[in-house]
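Q:
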Amino acid sequence: MKILNFEITKVVYWFVLLWIGISFGIFISACSGENKNEISGFAHVLMIDNSFSPPMQKIPVGGIVEFINSGNNPHNAIAVDKNWSTEKSFGNIVMSRGTKTKVSFPKEGVFPYFCSFHATPDGKNGMVGDIVVGNVPYNPAAKSGKSWKNVSQFSGTTRKVPSQYPTIQNAVDASNPGDLVLISEGIYLEEVTVTTPSITIRGVDRNKVIIDGQFQRGNGIMVVAADGVVIENLTARNATLNGFYWTGVKGYRGSYLTAHNNGDYGIYAFDSINGVIEHSYASGSPDSGIYIGQCYPCKAIIYDVVSEHNALGYSGTNAGGELYLIGSVWKNNIVGLAPNTLDRELLPPERETTILGNLVYNNNNPKAPIAALEYPSFGNGILIAGGLSNVIRKNVVIEHQNNGIVILPNLDENFWLSHNNIVQDNIVYNSGRADITLVGPMSTGNCFSGNEYRTELPAFLEKWNGCGSWIRLPVGGDLSMMLGALGLMVQASGGRFPSGNYKEQPIPGPQLNMPLGNAAPVKPALTAFEDFNLNLNQVKLPKEAEEILKTVPRKPASTTGAITLVKPIGLFPFFYHWLGFLLPFAIYICWTSMSLLDLKDRTDLEWIRKIYWIVTIILVPILSPAIYLIVGGSKYPNWFRRTLVWGGLIAFFLLLAYTGISLMNGVGTKTIS
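Residues 1 to 673 in the UniProt record's numbering are what the sequence shown spells out, letter by letter.
(1) Enumerate in chain order the residues of its own chain whose CB-to-CB distance from Lys503 is below 7 Å, with the five nearest sequence positions on each side excluded.
(2) Would you tell me roughly how many angstroms separate the C-alpha atoms of His577 and Asp49, rounded to the nearest one?
(3) Please look up how many angstroms separate the CB atoms of Pro524 and Gly228, rounded, as I've assumed it's under 8 Å.
(4) Who are Thr437's beta bridge partners in DSSP?
(5) According to DSSP, is Cys467 part of a helix, a strand, or is it coil?
(6) So, helix, strand or coil for Ala225, using DSSP?
(7) Just tell me which of Ile277, Ala300, Gly243, Glu278 has its CA closest to the CA of Gly284.
(8) Among Pro573, Thr559, Ser558, which one has its Cα closest to the Cα of Leu565?
(9) Counting only runs that start and end within the stretch 374-403, where is the alpha helix (DSSP H) found for 4 or more residues in a row?
(10) Please work out which residues of its chain come closer than 8 Å, Cβ to Cβ, to Met153, disregarding the five sequence neighbours upstream and downstream, and give them in chain order.
(11) Unbroken alpha helix (DSSP H) runs of length 4 or more, entirely within the stretch 509-597: which are they?
(12) Name the DSSP beta bridge partners of Asp271, please?
(13) Leaving aside the five residues before and after Arg351 along the sequence, list all residues of the same chain whose C-beta is less than 8 Å from its C-beta, in chain order.
(14) Considering Cα atoms alone, identify which of Asp205, Gly263, Ala142, Val128 is closest to Pro369.
(15) Indicate the three-state DSSP secondary structure (helix, strand or coil) for Gly129 in the structure shown.
(16) For the candidate residues Gly313, Pro60, His118, Pro409, whose alpha-carbon lies nearest to that of Val110?
(17) Along the chain, where does the alpha helix (DSSP H) containing Pro112 start, and where does it finish?
(18) Over the uninterrupted beta strand (DSSP E) stretch that includes Leu323, give me the two end residues.
(19) Please check the pair Gly327 and Lys540, which I expect to be a contact at CB under 8 Å, by giving their CB distance rounded to whole angstroms.
(20) Is it the case that the Cβ atoms of Asn219 and Leu234 are separated by a distance below 8 Å?
(21) For Val204, which option in Gly41, Lys107, Val103, Val181 has the closest C-alpha, if you only look at C-alpha atoms?
(22) Would DSSP call Asn430 helix, strand or coil?
(23) Under 8 Å, with one C-beta from each stretch per pair, do the stretch 425-438 and the stretch 391-406 reach the 3-pair mark?
(24) Please go through the same chain and pick out, in chain order, the residues whose beta-carbon is closer than 6 Å to the beta-carbon of Phe52, but skip the five residues on each side of it.
(25) Beta-carbon separation of Gly254 and Ile267 under 8 Å?
(26) Which residue from Ile302, Val132, Ala626, Phe585 puts its Cα closest to that of Phe532?
(27) Where does the unbroken alpha helix (DSSP H) through Ser70 begin, and where does it stop?
(28) Taking all protein chains shown into account, decide if Ile384 is buried (16 or more other Cβ within 10 angstroms of its Cβ) or exposed.
(29) If you draw a straight line from the alpha carbon of Val249 to that of Asn513, how long is it in whole angstroms?
(30) Can you check DSSP and say which residues form a bridge with Met47?
(31) Starting from Glu87, follow the alpha helix (DSSP H) in both directions and report where the run begins and ends.
(32) Under 8 Å, Cβ to Cβ, is there at least one residue of chain B near Ile548?
(33) Report yes if the C-beta distance between Gly336 and Gly381 is below 8 Å; otherwise report no.
(34) By how many angstroms is the C-alpha of Pro568 removed from the C-alpha of Arg433?
(35) Is the Cβ-Cβ distance between Leu596 and Ile622 less than 8 Å?
(36) Please determine, among Thr101, Ser96, Asn76, the residue with the shortest C-alpha to C-alpha distance to Gly123.
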């Protein structure tokens with residue numbers, strides 16, 4: 001009996017340690033990124049052929065920059081003063097395609113650097129960039145010997161292209177703050193870099209003024225640390241990176257823009273605040289059509305835009321705080337809107353974004369260009385991945401193969417949970433799994449109220465998580481969606497996913513020109529957010545929403561959605577759904593039933609001990625039947641009992657190990673194919 005008690009004590013000890021470890025891991029994951037005294041996330045710089053993107057990256061003191069070679073040529077990064085280089089951390093002066101390394105910056109300052117293979121030895125020309133550490137002044141025009149100040153009014157000077165200047169870049173370089181660069185009809189084969197603040201770049205016709213990258217140049221127009229720059233009424237296409245791009249600015253506006261068939265983003269604002277993107281169209285991007293990222297508070301508005309035929313209609317990584325996505329159309333992407341948290345950029349988590357009055361429709365496009373990181377988002381309308389305190393109200397979300405509106409965790413270097421999100425007064429129909437979905441393993445404070453829908457996951461989602469109640473249950477959610485998405489991530493990590501070619505996406509038709517055209521007022525965008533005069537009570541659904549709703553049978557109900565395989569259906573989603581989701585239930589049923597059947601037939605136990613085991617097995621699932629089968633004196637053969645218990649646990653640990661290795665070696669920065 002002493003030996004038996006010792007064995008029971010030992011097994012209980014190890015099982016308790018196991019569950020404590022799992023619980024502690026979940027707790028640490030839930031708290032990750034919440035310590036404001038620590039630097040969360042890291043910045044990244046892409047080495048492309050042959051430039052750095054972005055050419056200027058801002059980080060806090062003690063921050064980290066990850067350099068990634070996503071080009072075909074070998075590259076490196078070497079400080080002009082030779083105090084740091086990628087060679088020191090990478091171990092080789094040559095970084096080939098797909099390799100990456102991290103460099104830390106413990107001191108404040110501006111640190112220029114260059115690629116020794118594609119720049120002059122002094123680091124002044126060619127493939128060069130700057131790392132700005134801490135809150136220090138930075139003048140991007142200093143290399144050309146200029147020092148600019150922001151202005152808030154039109155200077156009165158108009159620089160015309162091509163009648164006065166042969167290229168847009170020539171006109172931009174000649175401009176002073178407050179000037180207007182006016183571009184006549186034509187196709188301009190160039191890449192424009194703006195370092196002069198407070199200028200306006202305007203086309204005379206949105207559909208006939210075209211910057212064409214010919215799939216050779218990185219960006220259509222890139223604004224680097226130049227505040228208050230306005231870009232309006234023109235088109236950017238066929239860039240290998242971005243159509244229109246602001247980075248490191250305070251104040252920006254993009255109006256009546258068309259960006260299509262670009263290799264990363266269509267319209268892109270990064271590490272920038274106080275901006276407006278309005279009356280614009282974006283399509284054919286293997287990341288997102290429109291993107292605002294790494295800012296808090298962003299103080300930004302996206303209004304009256306159409307984003308289609310992209311991987312993501314909108315992606316706001318680590319962005320939020322007075323960030324409004326309103327009155328727009330997101331359709332025919334692989335996912336409509338996907339605010340998300342990632343460690344590979346600064347300022348996690350994503351938070352405090354308002355999504356109001358949008359039409360989110362039929363985002364199930366398998367022919368869209370897709371990168372590995374985006375593939376698991378397929379078939380969802382509005383997806384909050386690891387986000388906090390977002391508001392999703394009065395949207396129409398229709399026809400999605402997986403979920404209409406879904407709140408779920410996100411896995412990167414940390415496991416980011418989603419908390420305190422509000423989903424209210426939306427119309428959501430025709431979703432393959434569920435119209436409104438909360439995904440496990442745990443969450444707190446998310447609420448759902450006043451939505452018009454048919455299916456929900458888990459059951460009683462609105463009743464137990466109402467926005468008017470201070471108690472919101474369950475704290476968990478549908479695990480099958482999380483595990484299915486994890487299966488898609490592992491599948492994508494090995495390059496096993498379909499993707500269209502961004503160069504071959506549909507060409508948009510003519511888009512609406514800017515009212516007044518050349519006669520429109522000129523005003524720098526230093527206070528674009530305030531100048532918009534946002535009134536959320538006046539936000540209306542796009543006109544297209546009325547036509548879409550006429551085709552949808554609207555019969556509100558509250559039925560539980562289908563716990564089916566995540567789409568697209570494939571081997572990996574099936575494997576993870578079965579092993580990760582269904583197997584625990586099978587193990588529970590098997591262990592419990594085998595234990596109870598064995599106890600029923602045992603005659604060697606006193607009835608008190610038999611009752612004790614039965615009650616314990618029922619009240620403490622999984623753990624108690626496992627202990628009983630190992631050391632409870634079961635009559636089953638020893639080899640059978642140990643195989644039954646340890647086989648299931650070993651299968652889970654092997655699955656976790658395989659998943660970790662696959663994700664670490666596979667899904668890297670989203671722009672690496």
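For glycine and all other residues, C-beta sits at the position ideal for the given N, C-alpha and C.
The structure presented is a predicted model; accordingly, all values stated were derived computationally and were not measured.
A: So, from the data block:
(1) For the purposes of this step, residue 503 is taken as the residue at position 503 of the sequence shown. Result list for Lys503: Phe215, Asn261, in chain order.
(2) Position 577 of the sequence shown, counted from the start, is the residue given in the question as residue 577. Position 49 of the sequence shown, counted from the start, is the residue given in the question as residue 49. Cα to Cα, His577 sits roughly 41 Å from Asp49.
(3) Working through the sequence shown from its first residue, we reach residue 524 at position 524. Working through the sequence shown from its first residue, we reach residue 228 at position 228. The Cβ separation is near 4 Å, so the contact holds.
(4) Counted from its first residue, the sequence shown places residue 437 at position 437. Per DSSP, the beta-bridge partners of Thr437 are Val406, Leu457.
(5) Position 467 of the sequence shown, counted from the first residue, corresponds to residue 467. If DSSP states are grouped into helix, strand and coil, Cys467 belongs with coil.
(6) The residue given as residue 225 occupies position 225 in the sequence shown. Three-state DSSP puts Ala225 in coil, outside helix and strand.
(7) Along the sequence shown, one-based indexing puts residue 284 at 284. In terms of Cα proximity to Gly284, the closest of Ile277, Ala300, Gly243, Glu278 is Gly243.
(8) The residue given as residue 565 occupies position 565 in the sequence shown. Out of Pro573, Thr559, Ser558, the CA that lies nearest to the CA of Leu565 is found in Pro573.
(9) none
(10) Here residue 153 corresponds to residue number 153 of the sequence shown, with the count starting at 1. Note that residue 153 is Gln in the sequence shown here, rather than Met. Shown here for Gln153: same chain residues with a beta carbon closer than 8 Å to its own, the five before and five after excluded, namely Gly178, Lys523, Pro524 in chain order.
(11) 528-531, 543-550, 571-576
(12) Looking up residue 271 in the sequence shown gives position 271. Looking at the DSSP assignment, Asp271 forms no beta bridge with any residue, so it has no partner.
(13) Here residue 351 refers to the residue found at position 351 of the sequence shown. Excluding positions up to five away in sequence, the list reads Tyr296, Gly320, Gly321, Gly387, Leu388, Ser389, Asn390.
(14) As a first step, residue 369 must be located in the sequence shown, where it is residue number 369. Answer by Cα proximity: Gly263.
(15) As a position in the sequence shown, residue 129 is number 129, starting the count at 1. DSSP places Gly129 in strand when its eight states are reduced to three.
(16) For this step, residue 110 is matched to residue 110 along the sequence shown. When Gly313, Pro60, His118, Pro409 are compared, the shortest CA-CA separation from Val110 is found for Pro60.
(17) In the sequence shown, the residue the question calls residue 112 occupies position 112. In the DSSP assignment, Pro112 falls outside any alpha helix (DSSP H) and lies within the beta strand (DSSP E) extending over 109-119.
(18) What you label residue 323 is simply residue 323 of the sequence shown in a count that begins at 1. 320-326 is the extent of the beta strand (DSSP E) around Leu323.
(19) The residue given as residue 327 occupies position 327 in the sequence shown. The residue given as residue 540 occupies position 540 in the sequence shown. About 6 Å separates the two Cβ atoms, so the contact holds.
(20) Locating residue 219 in the sequence shown gives position 219, counting from the first residue. Locating residue 234 in the sequence shown gives position 234, counting from the first residue. Cβ distance not < 8 Å, so Asn219 and Leu234 don't count as in contact.
(21) Within the sequence shown, numbered from 1, the residue matching residue 204 stands at position 204. The shortest C-alpha separation from Val204 is found at Val181.
(22) Here residue 430 is taken as the residue at index 430 of the sequence shown, counted from 1. Here Asn430 carries a strand assignment [DSSP, helix/strand/coil].
(23) yes
(24) Here residue 52 refers to the residue found at position 52 of the sequence shown. Excluding positions up to five away in sequence, the list reads Val45, Gly129.
(25) The residue given as residue 254 occupies position 254 in the sequence shown. The residue given as residue 267 occupies position 267 in the sequence shown. Cβ distance < 8 Å, so Gly254 and Ile267 count as in contact.
(26) For the purposes of this step, residue 532 is identified with residue 532 of the sequence shown, where counting begins at 1. Comparing Cα-Cα distances from Phe532 to each of Ile302, Val132, Ala626, Phe585, the minimum goes to Ile302.
(27) Position 70 of the sequence shown, counted from the first residue, corresponds to residue 70. No alpha helix (DSSP H) contains Ser70, which DSSP labels as neither H nor E.
(28) By 1-based counting over the sequence shown, the position of residue 384 is 384. By the 10 Å Cβ count, Ile384 comes out buried.
(29) Against the sequence shown, residue 249 aligns to sequence position 249. Against the sequence shown, residue 513 aligns to sequence position 513. Roughly 26 Å between the two C-alpha positions.
(30) The residue labelled residue 47 in the question sits at position 47 within the sequence shown. Note: Met47 sits in a beta bridge opposite Phe52, Asn69.
(31) As a first step, residue 87 is located in the sequence shown; it is residue number 87 there, counting from the start. Where Glu87 is concerned, the enclosing alpha helix (DSSP H) stretches over 86-90.
(32) Among the protein chains of the structure shown there is no chain B, as only one such chain exists.
(33) Position 336 of the sequence shown, counted from the start, is the residue given in the question as residue 336. Position 381 of the sequence shown, counted from the start, is the residue given in the question as residue 381. In this structure, Gly381 lies closer than 8 Å to Gly336 by Cβ.
(34) The sequence position of residue 433 within the sequence shown is 433, counting from 1. The sequence position of residue 568 within the sequence shown is 568, counting from 1. Using only the alpha carbons, I get a separation of about 12 Å.
(35) Locating residue 596 in the sequence shown gives position 596, where the first residue counts as 1. Locating residue 622 in the sequence shown gives position 622, where the first residue counts as 1. No.
(36) Numbered from 1 along the sequence shown, position 123 holds the residue referred to as residue 123. Among Thr101, Ser96, Asn76, the Cα nearest to that of Gly123 is on Asn76.
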